[in-house]
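To start, the structure under review is shown below, and the notes come after it.
Residue numbers (our numbering), protein chains in the order written: chain A, 1287 to 1581; chain B, 607 to 894.
Following this line, the structure appears as structure tokens:
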């Protein structure tokens, strides 16, 4: 028999594990979270009808993107936390790693499966959000045209332009992209925590703590620098904190987009680079810890 | 001399206990060699170190001291797993997959694609007798069927060495016999089998050599026939022997200085009795 040939890295193996992980997660009915998102969206849309049209579309966007951000983050943390412990508990990991599969391929496959799930979820939420926003926009346009029927044409066209500017615009897409990136970062972080955690609960709690620290650290940092000054010790300490706990506020580009601010392409690229850096960093840390783990 | 399928030298594994000093030693200074083409049984009571030894061979656990090799490649190298198939004790496979999907998944992990993968999946389903259940979800499989699909996934990349951890645990006698027959079939095809078990009768039926582990140490090892043979006793099995003939044999033995130790009716095994009864019932049901 010929000597076995082994490729150290195989995208095929990673893709097989990723596809299996995606199937596993979809069977867990995590998409029920999307149903709750839809209910919030439709519910808030009905409630917003009582406000003025500009407020209505603005608040609808604000609530929808906020809900999208929270659901994506929760899906990332909860969906990832159980992957490793379950495989170990049910011994599936033995059958996979007893094949010519390296541990880093196994982890990369698991993470890719979650990232695919997040991409599908964010995509579906965006479509749902766009549909609701489109129908509200049409409704508001009809009302505006009816109410301003007697006014001069330039005032009417200005009002219509204003309504359209408050509705869905391409400027929201970088904001939604940043929400997805934050989800990817949290999934990678959760995978890293699960490589040394003793239970699912521990993994979820630690990931949530990092999530809150990540959202608060920018404010805390500014306060610290104001109080303590910017000495080398303070700066080093803050740099270490920033490395371990990512500044998640940097991914909240959607807040700006909702207000109508155009997100500069350079800023979006910087956010993408930062997100990718953290995803790779946490994956590498997970690989290092998991490589030494006794199964 | 041919390369051994498994070679373990001076292997010791100690697990540290959290929040305590010291450690628990699972395997102590173990030397083991499994020759290519043989069926080797690793025996021992629960906690004797069998599973830990198998995990070290597969690179799932790293040894504290010593080394383990598969066909000359160190066990900690991923490439060594190209030649190994493994069935863990009471394995769990995703219940939402069908039998064919499960084998496809493991086949892809081993680099199989396209028509080669499809052909291999069908071949293995036929080998383990699950062709009719290929599209049924594993949630509807019996314990014996799960064990057979587990065996099929272990064989998906046509390994030269098959490692089985308690392959018949929790399986009924008919299922256990099927697995035993499969192991014997694999041996005939030249595949080396290393299995751990505490079901001694089944090991006796399939193994060429056995090693007995106790408290992490290999206390006995050798060819099964040699280990089981009692030097100064000889068995003679007669068919249709009359009482007179038996008396004559006894007298003759006494005259030649030997002693007739035991004379009894030959017994069938309980397993044989069970299988015969259940198969006869099944045949009668089919006839009706």
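Built from N, CA and C at the ideal position, the CB exists for glycine as well.
Answer yes or no: do residue 1449 of chain A and residue 1418 of chain A have a C-beta to C-beta separation smaller than 9 angstroms?
no
By the 10 Å Cβ neighbour count, where 16 or more other Cβ atoms means buried, how is residue 714 of chain B classified, buried or exposed?
buried
What in chain B is Cβ-close to residue 1298 of chain A, meaning under 9 angstroms?
Correct list: 714, 715, 717, 719.
According to DSSP, is residue 1357 of chain A part of a helix, a strand, or is it coil?
Secondary structure of residue 1357 of chain A (DSSP, three-state): helix.
Below 7 angstroms between beta carbons is the criterion; list the residues of the region 1359-1382 of chain A that meet it against any residue of chain C, in chain order.
The displayed structure is made up of protein chains A and B, and chain C is not among them.
Which bits of chain B does residue 1310 of chain A rub up against, with CB to CB less than 7 angstroms?
700
To which residues of the same chain is residue 1288 of chain A closer than 8 angstroms at the C-beta, ignoring the five residues directly before and after it?
For residue 1288 of chain A, the predicted model reports a pLDDT of 45, less than 50, meaning its position is unreliable and no value from the coordinates is stated.
Does the distance from the CB of residue 743 of chain B to the CB of residue 731 of chain B come in under 9 angstroms?
no
Is residue 1472 of chain A closer than 9 angstroms to residue 1296 of chain A when the C-beta atoms are compared?
no
Where does residue 1288 of chain A sit, in a helix, a strand or coil, going by DSSP?
Reliability fails at residue 1288 of chain A, whose pLDDT of 45 lies under 50, so the model's placement of it is uncertain and the value that follows must be treated cautiously. Coil.
Use the C-beta contact count for residue 1440 of chain A: other C-beta atoms within 10 angstroms, 16 or more gives buried, fewer gives exposed.
exposed
Which runs of the alpha helix (DSSP H) spanning at least 4 residues fall entirely within the region 1419-1495 of chain A, listed in chain order?
1439-1452, 1458-1480
Could you compute how far the alpha carbon of residue 748 of chain B sits from the alpha carbon of residue 613 of chain B?
36 angstroms
Which residues in the same chain have their Cβ closer than 7 angstroms to the Cβ of residue 726 of chain B, if we skip the five residues on either side of it in sequence?
713, 718, 762
Spell out whether any CB of chain A is found under 9 angstroms from the CB atom of residue 794 of chain B.
When Cβ-Cβ separations below 9 angstroms define contact, residue 794 of chain B makes no contact with chain A.
Considering just the uninterrupted stretch of the beta strand (DSSP E) at residue 846 of chain B, what are its terminal residues?
Counting along the chain, residue 846 of chain B falls outside any beta strand (DSSP E), and DSSP gives it neither H nor E.
How would you write the range of the beta strand (DSSP E) that residue 638 of chain B sits in, first residue to last?
629-640
Are the region 802-816 of chain B and the region 636-653 of chain B in contact at 8 angstroms, needing three or more beta carbon pairs?
Note that the region 802-816 of chain B touches the region 636-653 of chain B; at least 3 beta-carbon pairs, one per stretch, sit closer than 8 angstroms.
How would you label residue 1518 of chain A, buried or exposed, when you count the other beta carbons within 10 angstroms and need 16 or more for buried?
Here residue 1518 of chain A is exposed, its C-beta having fewer than 16 other C-beta atoms within 10 Å.
Do you know how far the Cα of residue 765 of chain B is from the Cα of residue 1290 of chain A?
Low confidence applies to residue 1290 of chain A: its pLDDT is 48, below 50, so where it sits in the model is not reliable enough to give any reading.
Hey, out of A:1313, A:1349, A:1321, whose CA is closest to residue 1333 of chain A's CA?
A:1349
Any beta carbon from chain B within less than 9 angstroms of residue 1294 of chain A's own beta carbon?
True, the Cβ-Cβ gap to chain B drops below 9 angstroms.
Unbroken stretches of the alpha helix (DSSP H), 4 residues or longer, contained in the region 1351-1418 of chain A:
1369-1375, 1378-1383
Would you call residue 896 of chain B buried or exposed, if buried means 16 or more other Cβ atoms sit within 10 Å of its Cβ?
No answer is possible for residue 896 of chain B: it lies beyond the span of chain B, which begins at 607 and ends at 894.
Do we get a CB-CB distance below 9 angstroms when we pair residue 878 of chain B with the residues of chain A?
no
What does DSSP give as the partner residue(s) for residue 772 of chain B in the beta ladder?
According to DSSP, residue 772 of chain B bridges with nothing at all.
Got a sec? Which residues, its chain only, sit under 7 angstroms from residue 1374 of chain A by beta carbon, not counting five neighbours each side?
1581
For residue 811 of chain B, which of helix, strand or coil comes out of DSSP?
Three-state result, residue 811 of chain B: helix.
Distance check for residue 1310 of chain A and residue 702 of chain B, CA to CA, integer angstroms please.
Taking the straight line joining both Cα atoms gives about 8 angstroms.
Thinking residue 664 of chain B and residue 625 of chain B are a contact (beta carbons under 8 angstroms), I'd like their distance in whole angstroms, please.
Going by Cβ atoms, the distance from residue 664 of chain B to residue 625 of chain B rounds to 29 angstroms, so no, they are not a contact pair.
Between the CA atoms of residue 859 of chain B and residue 828 of chain B - distance to the nearest angstrom:
32 angstroms
On the three-state DSSP scale, how would you describe residue 611 of chain B?
Residue 611 of chain B falls in the coil class under three-state DSSP.
Interface partners of residue 1315 of chain A on chain B, CB under 8 angstroms:
By Cβ distance, chain B contributes nothing, its closest Cβ being about 12 angstroms from residue 1315 of chain A, past 8 angstroms.
Using beta carbons (cut-off 9 angstroms, strictly below), is residue 684 of chain B in contact with chain A?
yes
Residue 1422 of chain A burial status per 10 Å Cβ neighbour count (16 or more: buried)
buried
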